Every structure is written in structure tokens, then in C-alpha cells.
Amino acid sequence: MKLPPRSLLSALALLVVASGCASVPEQAAVFDAHLHGALDPAAQRASVRAAGIQTVAISTSWDAQQRYVDGEGLTVLRGLMFPCPRGKVPYSLQPCFADGREWPGVAWVEEQIAAGRIHFLGEVLTQYYGIAPDDPRMEPYWALAVEHDLPVGIHTGSAGPDHGSPDFREDLGNPALLRPVLGRHPALRLWVMHAGGPFFEETMALMRDFPGVYVDISVINNPDIVPPPAFAAMMKAMLDAGFGDRMLFGSDNADPATVRASLDALDLSEAQERAILHANAARFFARRP
């Protein structure tokens with residue numbers, strides 16, 4: 004993922020949050036709303052638990068994902084990663100599905116939802132696939148999410164190198180492209196992954212206009228990708244806009260302890276940090292009556 008545009012960084016620099024000492028109790032539960040699989044699930048489980056994470060929303064290849072189950076102090080929510088460029092998971096390039104398909108059949112998806120194997124749709128990879136979120140091929144899946152009251156997380160913003168998706172386009176990661184989808188499906192439980200990255204202003208506008216839209220802060224909380232002052236500025240902008248109850252903690256592919264420390268370094272109240280680390284995600288992912 005590239006850094007936000009220089010113009011945006013300059014504007015956000017005025018909002019930089021001074022580093023503070025706010026922290027949460029060491030035993031407080033953390034909900035990681037954006038986690039990908041690893042070659043060694045046991046080692047990954049140990050690392051997330053060491054960071055205080057007790058619940059994860061994980062998306063990876065379908066077969067690998069089945070190895071992630073509840074237990075040992077960890078609750079696992081499993082997603083559905085699609086559409087898969089050339090049938091592959093970006094970066095790891097393992098097959099998304101055993102038969103190499105790019106799109107899961109809608110009837111099959113419904114069967115997995117009914118069987119309790121799918122708790123959310125995501126990571127939605129339309130940008131890697133080279134299409135906009137309102138492409139007609141996505142419509143049955145948006146409708147399924149609404150029908151079954153499933154959250155949907157979609158990749159937005161930039162991408163790192165060597166992702167293996169030749170049709171990836173950064174402009175297709177602009178959260179403004181979600182407006183037609185939300186217009187057709189106002190009940191959709193949508194979260195914008197990476198807070199839109201360089202399209203941060205568009206993310207803020209989307210959240211203002213659609214009060215049901217959430218964001219996760221994965222990648223922007225990674226100091227190896229986004230400088231801490233820029234991360235702090237974006238966090239302050241969202242909090243000042245009143246979005247503190249719609250921000251979700253996520254680690255993506257980063258070390259959970261590192262991105263957790265990035266959040267702890269901000270001058271947040273205990274209530275703000277608890278909301279971002281757990282309460283917002285617990286509410287967002289809970290099935291509505």
C-alpha cells in the first residue's frame with residue numbers, strides 16, 4: 004500500500020495527535036477484524052493471543068481457512084475471500100478454492116452460510132480482480148449479505164508489490180465507488196478495509212453520508228507502511244468527526260503486537276481505545292435480532 008497523497012498528508016499533519024500513555028488493561032479482550040491466514044496457524048494463534056486478541060475475523064483460501072477453529076482462548080469468525088484473480092489469493096498465490104475457480108457459486112455460498120461455515124463476506128477482492136464494487140457480477144453477493152445479515156469487508160486503497168494480480172487498479176479502491184451499492188442496499192453491513200488508504204477523504208465522506216459504514220484501521224496502523232504521524236492524524240480526524248464507534252482494529256498481515264502498539268501510542272481515552280479494540284467489532288459482527 005502506498006502512502007496517502009502528499010496533499011492529504013499536509014492537511015492531516017495539522018491534526019497530528021501527540022503521543023500519550025493511554026493503554027488498555029493487559030487482559031482486556033481484543034477483536035481483530037482483519038486477519039489473514041499463515042503457513043503455520045499454530046504459531047499465528049500464539050502470536051495473536053500474546054497481543055491480547057481473543058476474537059479474529061479471518062479470510063484466506065477456503066481450504067486453509069477450515070483449519071482455523073475456536074479453542075485455546077480464541078474465537079474464530081470465517082470469511083469468504085472472492086473474487087480471486089486467476090483463482091489465486093493475492094500475495095500467497097495459493098488457490099482460493101480447490102477447483103481453481105475465481106467466483107464461488109451463489110448456491111454454494113448459501114449452503115456454507117446455512118452450515119455456519121461463513122460468518123462474513125470478505126475480503127472482497129474486486130479491486131485486485133480489476134472491477135468496481137458495483138460490477139453486475141457482485142450483485143448476487145451483495146444481495147446475499149443483506150438477506151442473511153452478514154457483514155462485508157472490502158479491500159480499498161493501495162496494495163503492496165508482488166501481489167500477483169495483473170488487473171489490479173488503484174482507482175478501483177476508491178470508497179466512493181461503493182455509493183451505488185449502498186444506495187441499492189441500504190441495510191448492507193459494510194466495512195471499508197484500510198480506511199480507504201490514500202482515498203481517506205472519500206472514506207470520511209462515505210461515513211458521513213452512510214451512518215452504517217464502518218472502517219478497519221489495518222495497514223494504516225502499520226508503521227512500516229504509514230508513518231505514525233500520518234496514522235495519528237487520520238485517527239484524530241475520524242474521532243473528531245464522531246466516528247469513534249465505527250472504527251475496527253485489524254492487523255491484516257502485520258505483526259499483531261506492532262499494530263497494537265501503534266494504537267496504544269495514541270492519546271486516546273480508555274473508552275475510545277476499548278471501543279476500537281473490541282466493543283465496535285463485537286457490536287458490528289453480532290447478528291441482529
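Position one of the sequence shown corresponds to residue 4 (this note's numbering), numbered consecutively onward. Don't be surprised by glycine CBs; every beta carbon is placed ideally from N, CA and C. Predicted model, so just to flag it, every value in this text is computed and none were measured.
Cross-strand partners of residue i (DSSP beta bridge)
i    : result
Y71  : Partner(s): none; Y71 has no beta bridge.
H197 : DSSP lists no partner for H197.
L80  : A60
R291 : R291 is not bridged to any residue.
M250 : V218
V155 : L124, L193
P98  : K91
The alpha helix (DSSP H) enclosing residue i, as first and last residue numbers
i    : result
F234 : 231 to 243
P259 : 259 to 267
S50  : 44 to 53
W111 : 109 to 117
D212 : 203 to 212
Residue i to residue j span [Cα, whole Å]
i    : j    : result
F34  : A41  : 18 Å
H39  : H158 : 13 Å
A53  : A260 : 8 Å
H281 : P226 : 21 Å
F171 : N283 : 31 Å
A268 : P231 : 9 Å
T129 : D248 : 27 Å
P143 : S221 : 27 Å
A274 : P201 : 28 Å
I56  : R263 : 10 Å
L175 : G133 : 7 Å
R187 : R211 : 18 Å
Residues of its chain near residue i, where Cβ-Cβ distance is below 6 Å and the 5 sequence neighbours each way are ignored
i    : result
S73  : Correcting the residue identity first, residue 73 is Asp in this sequence and not Ser. Within the same chain, D73 has close Cβ partners V79.
S168 : P88, P93, Y131
A257 : N225
E173 : S161
Limits of the unbroken beta strand (DSSP E) element including residue i
i    : result
Y217 : 217 to 219
A36  : 33 to 39
Residues of its chain near residue i, where Cβ-Cβ distance is below 7 Å and the 5 sequence neighbours each way are ignored
i    : result
D66  : A101
A155 : Reading off the sequence, residue 155 comes out as Val, not Ala. Same-chain partners within the cutoff: F123, L124, G125, V127, A148, L191, R192, L193.
A285 : F34
A118 : none
R48  : E75, L77
S254 : D35, H37, L38, S221, V262
L242 : Q275
8 Å Cβ shell around residue i - same chain, five flanking residues per side excluded
i    : result
R291 : D152
L96  : G167
I121 : R81, G82, L83, V112, Q115, L153
L251 : F34, A36, H37, W194, Y217, V218, D219, I220, I279, N283, A284, F287
E205 : N177, P178, A179, G199
C24  : Note on C24: pLDDT 30, under 50, position unreliable in the model; no value is reported.
Residue-chain proximity (residue i, chain B), Cβ-Cβ < 8 Å
i    : result
W111 : No chain B is present in this structure, which holds just one protein chain.
Quick test of the definition: if touching needs 3 or more C-beta pairs under 8 Å, does the stretch 166 to 186 touch the stretch 104 to 113? no
Within the chosen definition, does the stretch 133 to 140 reach the stretch 57 to 71 through at least 3 CB pairs nearer than 8 Å? no
Could you check whether the stretch 44 to 61 touches the stretch 228 to 247, counting it as contact only if at least three pairs of C-beta atoms, one from each stretch, sit closer than 8 Å? no
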